[in-house]
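Presented below is the structure to which this report refers.
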Amino acid sequence: MSRIRSARTYAEKLSSRPQTIDELIAAKSQYNEYSKTINHLNDQIQCAERKNQLLCTVSGNGITTIAAVKTKWEKFNALMESFQLMMNEQLEVGLI
19 MSRIRSARTY
29 AEKLSSRPQT
39 IDELIAAKSQ
49 YNEYSKTINH
59 LNDQIQCAER
69 KNQLLCTVSG
79 NGITTIAAVK
89 TKWEKFNALM
99 ESFQLMMNEQ
109 LEVGLI
């Protein structure tokens with residue numbers, strides 16, 4: 019659960035647009051930190067999906083929260099991509 023809370027915190031931080039060079043540097047640092055954990059979390063989600071498929075096959079029932087987690091994860095990945103584009107845009111135009 020702490021990783022889910024962390025993802026929410028990350029999403030909140032990535033939702034704001036840096037207004038100064040210092041904010042952009044801090045945002046880029048946070049983005050790099052988040053990027054390091056994405057692959058590990060993605061592997062964990064894929065593992066959970068495989069286990070859920072096995073559970074469905076064996077028992078006929080799966081865990082319904084897996085789909086919700088997957089949806090939130092996809093939204094977070096889209097937010098990361100959007101944030102990267104926004105940062106690149108701000109660097110190109112000289113940060114407002």
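19 is the number of the first residue of the sequence shown in my numbering; add one for each residue after it.
Using N, Cα and C, we set each Cβ at its ideal position, and we do this for glycine too.
Could you check how far apart the C-beta atoms of residue i and residue j are, in whole angstroms? I think they sit under 8 Å.
i, j, result
"residue 108", "residue 42", "6 Å"
"residue 66", "residue 84", "6 Å"
I'd like to check one pair, residue j with residue i: are the Cβ atoms closer than 9 Å?
i, j, result
"residue 98", "residue 35", "no"
"residue 87", "residue 56", "no"
Mapping the DSSP letters down to three states, classify residue i as helix, strand or coil.
i, result
"residue 37", "coil"
"residue 83", "helix"
Got a sec? Which residues, its chain only, sit under 6 Å from residue i by beta carbon, not counting five neighbours each side?
i, result
"residue 73", "80"
For residue i and residue j, what's the separation of their Cα atoms in angstroms?
i, j, result
"residue 69", "residue 89", "17 Å"
"residue 94", "residue 76", "31 Å"
"residue 101", "residue 51", "14 Å"
"residue 111", "residue 46", "16 Å"
"residue 9", "residue 91", "Look at the range of the chain in this structure, 19 to 114, and you will see that residue 9 is not part of it."
Ordered along the chain, which non-local residues of its own chain (more than five positions away) have a Cβ less than 8 Å from that of residue i?
i, result
"residue 53", "98"
Residues in the same chain with beta-carbon distance under 7 Å from residue i, minus the five sequence neighbours each way, listed in chain order, please.
i, result
"residue 29", "94 and 97"
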